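Student: Residue numbers (this note's numbering): 36 to 809.
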């Protein structure tokens, strides 16, 4: 098409005037929006008919008056205090932002939904709900809020086309809303999209409630923060009973809840699955058993019944990937690797020191310089938390730990590529190994060693292939360290887990399998299960003799250990025979000054006295103590054993002054090296109490024994044979001190226990009977 050029036209306008120029027919529509002075003031003009507000970006939300979320719980469990605070905020004068933050699946949206429902139905508030999981959904939802609060089509079109600041438009109408409102901004897991657009503001006309996984952000400045965590066990169990009331008892529901870590999302999916089964009808107990095979796959099957949708936020297998993807977008892909490494262990608190060594980088998984930012990223996104493990005894310090929810770890572990599994397991083993004390028996306190026990057990459950034997050796060394630290329950747990793994992966007579059983038997002895300990030690000894030979160091270890239960069951001659066999073999194979030989020499002092070998005791005791101190040092546990047994023998042969000096020095050393409540420290205090009583110092004897009984009752239990021995001796000290009524009362209380646990002929039982007969 051709023709003459259009004529030149000019126009001028001033103030708020407009000049429209045209060389042909054109239809023009002009919209004038007059705002009060302030940041919201603006004027928009569009040519032609205005487009629909959301054209070009997809349709807006179907509703901002109804929360478009999965099925809300029929009853909101546990959140009473939080709901009370939020109701107060809604009932107030407005002008506040409240932030619910926590890990994915912990129930933030459920709390927001409950508050929204109450605000609309009970508090005469306009409820507005916006999904902020993506930039476009936030923008579309907020513009829909503006439309709800009175914005016209032209205003919305101008905001959409960029001619009008969209957030200013929204907050202009929220500020002028005739009714008070509650605005919920759900799934605001990327604070940047709120900051960049200026979407998060306050208004005197309403309250803003925001849900997010992001625990800390500049965007939350001035907001009231509310952490949302998993449910208490009882409430978590009730969630399952709410959803599947016929699937089992509250006790069974509680066990399932604990296995699911009391995470609301997992509880909801599990309960929905149990309620809607057609072909099968599992009980709670059956469901819990099936969880061991494929926990994440089974939990996620409930999504089809819960919301009818399989979106990432409704699946435990996918919901946390949203946070990891966000961290990768922020330049922290290492966060995924770190979380995969953590999934090799356990959901229990892990000492931060485990993640400190440079061996992380050496494993080829993580640059050690990137561990700190990766960990901070996990914490910021509520994927991990920092906790303080309480001290296990007086004098110990709290240990700073990182903790990750168990279902999250199961989810991450299920998604680890097969080619990465071996490298992750190797790195996990290397880090645990680096965290162990260098030497058993060194006297170092076990402040954080016991915290490694569940993580070794978690690693044992996953191993296979080339790393298997290394991990089992590591677990055995950990059992030794916690045993040395005096935590015999943890030692038994670790040794039993290792023994179970050896049964799964190794031949029954493999040396590692026998060593694991050896450590089980040692822990059983310390926990007062003497006959079980003896029987297991004998079985291990027989196999070691046949497979390894009679003078192999492991066989000699069995001889040395077997003497323990025999000694406490007062079979002294038999105990001495096994100890002498161990000592003779160790001298021949290892040498006179080897730590194991010195340990046997130290223990020999006590058994010589029990067997009335006084001359040999007198001849070798001083030299044994000196040799231990010279080779091992004053604070080594073997040195302190030797000095204590020297004191025991001195008391036995009547040298009370020598006994008091040796036991007193040993008590000071043990308190310094092992702490005031280490079992060996308590044994030393026990002997010092006997020595005080032998000198007629009954008041001191009573004080020492009461201290020992208090600690032993707490650590071992009031019915443990060693605790009963202490209580029996206390009754005797009270009687000798003239406190007859107290002595008889205590004797009457514990005599039936002693008869059951120790037998009617045992010296403790006899002592109590004599007190009551007098």
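All C-beta atoms, glycine included, are put in the ideal place defined by N, C-alpha and C.
From a predicted model like this one, the values you see are computed outputs, not experimental measurements.
For residue 17, write down the residues that DSSP places opposite it in a beta bridge.
Tutor: With the chain represented from 36 up to 809, any question about residue 17 goes unanswered, as that position is not in the structure.
Student: Rounding to the nearest angstrom, what Cα-Cα distance links residue 347 and residue 283 in this structure?
Tutor: For residue 347 and residue 283, the gap between their C-alpha atoms comes out near 29 Å.
Student: Using the Cα positions of residue 407 and residue 262, report the straight-line distance between them to the nearest angstrom.
Tutor: Taken atom to atom, the span from the alpha-carbon of residue 407 to that of residue 262 is near 23 Å.
Student: Can you tell me where the alpha helix (DSSP H) with residue 242 in it begins and where it stops?
Tutor: Boundaries around residue 242 are those of the beta strand (DSSP E), 241-247, since no alpha helix (DSSP H) includes it.
Student: Taking only three categories from DSSP, how would you classify residue 220?
Tutor: strand
Student: Considering only their Cβ atoms, is the gap separating residue 802 from residue 752 smaller than 7 Å?
Tutor: no
Student: Using CA atoms only, rank isn't needed, just tell me which of 773, 382, 439 is closest to residue 809.
Tutor: 773
Student: On the DSSP bridge list, what partners appear for residue 259?
Tutor: 133
Student: Residue 162 by DSSP, collapsed to three states: which one?
Tutor: Reduced to three states, the DSSP call for residue 162 is strand.
Student: In three-state terms, what does DSSP make of residue 347?
Tutor: helix
Student: Measure the C-alpha to C-alpha separation of residue 317 and residue 279 and round it to an integer number of angstroms.
Tutor: Computed Cα separation, rounded: 10 Å.
Student: Check whether the stretch 587-604 touches the stretch 613-625, counting contact only when three or more Cβ pairs, one atom from each stretch, lie closer than 8 Å.
Tutor: yes
Student: Taking the C-alpha atoms as reference points, what is the distance between residue 358 and residue 300?
Tutor: 16 Å
Student: Any idea if residue 329 is buried or exposed, counting beta-carbon neighbours within 10 angstroms, 16 or more meaning buried?
Tutor: By the Cβ-count criterion, residue 329 is exposed, with fewer than 16 other Cβ atoms from all chains shown falling within 10 Å of its own Cβ.
Student: Here's a check: name, in chain order, each residue in its chain whose Cβ is nearer than 6 Å to the Cβ of residue 155, leaving out the five neighbours to either side.
Tutor: Hits under 6 Å: 162.
Student: Using the Cα positions of residue 55 and residue 198, report the straight-line distance between them to the nearest angstrom.
Tutor: Here the model assigns residue 55 a pLDDT of 47, short of 50, so the residue's position is not dependable, and the following value carries that caveat. Cα-Cα distance, rounded: 18 Å.
Student: Helix, strand or coil for residue 417? Go by DSSP, reduced to three states.
Tutor: coil
Student: Excluding the five sequence neighbours on either side, which residues of its own chain have a C-beta within less than 7 Å of the C-beta of residue 698, listed in chain order?
Tutor: Counting only residues of its own chain and dropping the five nearest sequence neighbours on each side, residue 698 has a CB closer than 7 Å to the CB of 679, 682, 719, 722, 723, 726.
Student: Hey, quick one: how far does the alpha helix (DSSP H) through residue 112 stretch, first residue to last?
Tutor: Unbroken run through residue 112: none, as it is neither H nor E.
Student: Suppose only complete runs of 4+ residues qualify. What are the alpha helix (DSSP H) ranges in the stretch 269-306, listed by chain order?
Tutor: 285-294
Student: Assuming residue 102 is part of the alpha helix (DSSP H), what are its boundary residues?
Tutor: Per DSSP, residue 102 belongs to no alpha helix (DSSP H) and is neither H nor E.
Student: Are the stretch 552-567 and the stretch 501-520 touching, with three or more C-beta to C-beta distances below 8 Å?
Tutor: yes
Student: Between the alpha carbons of residue 113 and residue 124, how many angstroms are there, rounded?
Tutor: Rounded to the nearest angstrom, the two C-alpha atoms are 19 Å apart.
Student: Spatial neighbours of residue 779 within its chain, please: C-beta separation below 7 Å, excluding the five flanking residues on both sides.
Tutor: 806, 807
Student: Would you kindly work out how many angstroms separate the C-alpha atoms of residue 458 and residue 536, rounded to a whole number?
Tutor: 20 Å
Student: When DSSP builds the beta bridges, which residues end up paired with residue 168?
Tutor: Answer by DSSP bridge pairing: none, since residue 168 is not bridged.
Student: Please determine, among 243, 122, 168, 538, the residue with the shortest C-alpha to C-alpha distance to residue 227.
Tutor: 168
Student: Which residues does DSSP list as the beta-bridge partners of residue 238?
Tutor: 241
Student: Can you tell me whether DSSP reads residue 322 as helix, strand or coil?
Tutor: helix
Student: Does the Cβ of residue 421 have 16 or more other Cβ atoms within 10 Å, making it buried, or fewer, making it exposed?
Tutor: exposed
Student: Output yes or no for whether 7 Å exceeds the beta carbon distance between residue 164 and residue 243.
Tutor: no
Student: With H, G and I counted as helix, E and B as strand and the rest as coil, what does DSSP make of residue 671?
Tutor: Three-state result, residue 671: coil.
Student: Out of curiosity, what's the CA-to-CA distance linking residue 602 and residue 547?
Tutor: 27 Å
Student: Hey, which unbroken runs of the alpha helix (DSSP H) at 4 residues or more fall wholly within the stretch 492-560?
Tutor: Counting only runs that start and end inside the stretch 492-560, the alpha helix (DSSP H) elements of at least 4 residues fall at 503-519, 523-540.
Student: Can you tell me where the alpha helix (DSSP H) holding residue 631 begins and where it ends?
Tutor: 630-645
Student: Give every residue of the same chain whose Cβ lies closer than 6 Å to the Cβ of residue 685, excluding the five residues on either side of it in the sequence, and list them in chain order.
Tutor: 693, 694
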